[in-house]
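9 is the number of the first residue of the sequence shown in the numbering used here; add one for each residue after it.
Note that the Cβ used here is the ideal one computed from N, Cα and C, for glycine as well.
Keep in mind it's a predicted model, so treat the numbers as computed, not measured.
So the structure is just underneath, and the comments pick up after that.
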Amino acid sequence: MLTSTLNITELLDNLETDIRQQIALRRLNTPLLIGIHSGGAWIARHMHQRLGLTEPLGLLDITFYRDDFSQIGMHPNVKASQLPPHLEGRDIILLDDVFYTGRTIRAALNEIFDYGRPNQVLLAVLIERNGRQIPLQPDCRGARIELPEGQRIKLTGPEPLAIEVQTLACAA
């Protein structure tokens with residue numbers, strides 16, 4: 009497997025700038041930042057600190073909301089979601105590491121709406137890549153990249169946080 013590393017600091021800087029612009033433009037009032045386990049939670053911890061948000065960081069595990077759950081069965085690394093009991097009327101920033109097909113975000117939105125109807129949801133991702141399968145797209149991103157078939161993005165962390173593009177051996 010071949011790999012090339014992306015500059016994580018530059019991606020985080022770009023994402024922070026984009027989120028700050030959208031917070032102002034959309035007039036988000038005391039937004040709640042929610043990171044999707046695992047990579048999105050790692051990125052959310054960095055963004056929560058960078059943005060100086062006062063609300064506690066929310067964490068979301070979408071395992072039981074996945075549309076392929078019946079095919080993959082019980083995942084051994086299920087983590088508890090940590091959200092306020094009521095999200096009704098809240099402004100939310102939903103954060104994930106990589107936006108690919110859109111299915112993870114669909115599952116996350118389903119779980120969020122089970123807690124209540126938010127005022128608005130701002131979707132932020134560290135990297136948006138080609139391959140979308142459902143009609144969702146991020147509002148904020150650290151970068152958008154096109155990858156050929158046989159390549160994937162891998163985030164490692166939480167410390168040190170790093171991201172790389174991997175070429176699978178069968179595609180090389």
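Specify, as a first and last residue, the run of the alpha helix (DSSP H) that residue i falls within.
i, result
"residue 47", "47-59"
"residue 117", "111-123"
"residue 170", "It is not in any alpha helix (DSSP H) - residue 170 instead sits in the beta strand (DSSP E) that spans 170-175."
"residue 70", "Unbroken run through residue 70: none, as it is neither H nor E."
"residue 33", "16-34"
May I have the straight-line CA-CA distance separating residue i from residue j, to the nearest angstrom?
i, j, result
"residue 87", "residue 111", "19 Å"
"residue 108", "residue 139", "6 Å"
"residue 92", "residue 115", "18 Å"
"residue 61", "residue 101", "11 Å"
"residue 161", "residue 72", "23 Å"
"residue 117", "residue 129", "9 Å"
"residue 94", "residue 120", "10 Å"
"residue 59", "residue 30", "12 Å"
"residue 25", "residue 147", "12 Å"
"residue 124", "residue 67", "16 Å"
"residue 132", "residue 166", "18 Å"
"residue 96", "residue 63", "15 Å"
At what residues does the beta strand (DSSP E) containing residue i begin and finish?
i, result
"residue 103", "99-107"
"residue 40", "40-44"
Spatial neighbours of residue i within its chain, please: C-beta separation below 7 Å, excluding the five flanking residues on both sides.
i, result
"residue 56", "41 and 65"
"residue 150", "19, 20, 22, 23, 134 and 135"
"residue 144", "110, 113 and 114"
"residue 69", "45, 86, 87, 88 and 89"
"residue 51", "43, 103, 105 and 134"
"residue 152", "136"
Would you mind sorting residue i into buried or exposed? The rule is 16 or more other CB atoms within 10 Å of its CB.
i, result
"residue 126", "buried"
"residue 33", "exposed"
"residue 221", "As shown, the chain starts at 9 and ends at 180. That puts residue 221 outside it, with no answer to give."
"residue 168", "exposed"
"residue 28", "exposed"
"residue 122", "exposed"
"residue 48", "buried"
Once the 5 residues before and after residue i are set aside, which same chain residues still bring their CB inside 8 Å of it?
i, result
"residue 142", "109, 110, 111 and 114"
"residue 185", "In the structure as shown, the chain starts at 9 and stops at 180, and residue 185 therefore has no counterpart that could be examined."
"residue 54", "20 and 169"
Among the residues of its own chain, which have a CB less than 6 Å from the CB of residue i, if the five just before and after it don't count?
i, result
"residue 155", "137"
"residue 99", "36, 37, 39, 127 and 128"
- Curious, which full-length beta strand (DSSP E) runs of at least 3 residues does the segment 137-162 contain? 148-153
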